[in-house]
Amino acid sequence: MITGELDEVGECREPKRTVLYEYLSRISYTKLEITDEVLKVANQIIDMGILTKKSIDDCQHIATAVVHGCDCIISWNFKHIVNIKTIKGIRAITHLESYKDIDIMNPPVLLGGGE
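Using the numbering used here, read the sequence shown as starting at 2 and increasing by one per residue.
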């Protein structure tokens with residue numbers, strides 16, 4: 002499953018954009034909706050100090066994946082998503098709220114290209 006808008010991939014520079022579209026063409030995915038429950042979790046991410054209100058889009062991406070029970074979040078966003086503070090914070094939320102654990106990693110790790 003993929004959360005977020007595919008428009009973000011379109012904003013990437015070449016050759017990264019073509020590579021990402023190629024990977025996306027190989028997998029089956031579902032666009033997920035932002036629900037009231039997603040907004041609640043996104044606000045919890047902010048309230049717990051994991052991310053700030055300035056990163057609400059990132060909070061919504063993460064919350065959407067958590068609420069919909071995704072196995073992992075794949076992102077190049079090392080500043081807000083793929084970092085130890087966010088990973089530990091999201092793990093705390095999933096445990097507190099009884100959501101399924103979710104892995105957060107960068108694309109090369111998932112695709113076998115190393116870390």
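We treat Cβ as the ideally placed atom computed from N, Cα and C, and that holds for glycine.
Query, Result
"Where does the unbroken alpha helix (DSSP H) through CYS60 begin, and where does it stop?", "57–68"
"Assign HIS96 to buried or exposed, taking buried as 16 or more other Cβ atoms, counted over all protein chains shown, within 10 Å of its Cβ.", "exposed"
"How many Å lie between MET49 and VAL10 at the Cα?", "29 Å"
"Can you give me the C-alpha to C-alpha distance between ARG18 and ASN107, rounded to a whole angstrom?", "15 Å"
"According to DSSP, simplified to helix, strand and coil, what is LYS32?", "strand"
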